[in-house]
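Each remark here refers to the structure printed beneath this line.
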Amino acid sequence: MASAVLTLGTGGQTGEVAAEVLPSARWLYCGEPEEIQRAVLVQFSNGKLQNPGNMRFTLYKSNDSTNPRKRNQRILAAETDRLSYVGNNFGTGALKCNALCRNFVGILNKTSGQMEVYDAELFNMQPLFSGLLKGQQNYLLEGAKDLVSNPISATAW
119 MASAVLTLGT GGQTGEVAAE VLPSARWLYC GEPEEIQRAV LVQFSNGKLQ
169 NPGNMRFTLY KSNDSTNPRK RNQRILAAET DRLSYVGNNF GTGALKCNAL
219 CRNFVGILNK TSGQMEVYDA ELFNMQPLFS GLLKGQQNYL LEGAKDLVSN
269 PISATAW
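Structure follows, in structure tokens:
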């Protein structure tokens, strides 16, 4: 079985990952999902996490469905036992690449050789230090006023 080397960029660092080459593979684009069904990709501004297994994520979405600018606003919160992180897809903290690029996640079924491809959204997670980022915390709280009170939660796997 042949193998290929794929170069990835992660937080300014470049690494190599061996990728398995299948004799025959095809991909299936699963269509544009509703905003809430997009896959969430995260990068941490302070680098690779030492123990990512105990992360808890909560995704907040805007409940304002009438305003086209607010309808797609999301805030992603992540917690460990020691530190909290926050990222959003609007305002000054949002990544510009979300507006200029499309991100995808593929899930490969090795038996059938088919990859299902889904739309994804990238969040840049910033550490949240109590007291130090008071202005940023206030900004995020202002942005969260219109967010739904029943968040979507997930634990890292």
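119 is the number of the first residue of the sequence shown in this note's numbering; add one for each residue after it. Beta carbons: idealized from backbone N, C-alpha and C, even for Gly.
Cβ of residue i within 8 Å of Cβ of residue j?
i: Ala-196; j: Tyr-203; result: yes
i: Gln-232; j: Arg-156; result: no
i: Arg-192; j: Asn-207; result: yes
i: Phe-241; j: Gly-209; result: no
i: Val-160; j: Leu-201; result: no
i: Pro-245; j: Asn-164; result: yes
i: Leu-146; j: Glu-234; result: yes
Check the DSSP bridge columns for residue i and list the partner residues they point to.
i: Phe-241; result: Val-160
### Query
Counting Cβ pairs, one atom from each stretch, are 3 or more of them under 8 Å apart for the stretch 220 to 232 and the stretch 172 to 192?
Cβ pair count under 8 Å is below three, so no.
### Task
Could I get the ranges of all uninterrupted beta strand (DSSP E) runs contained in the stretch 154 to 236, with 3 residues as the minimum, in chain order?
157 to 162, 174 to 179, 192 to 197, 202 to 206, 221 to 227
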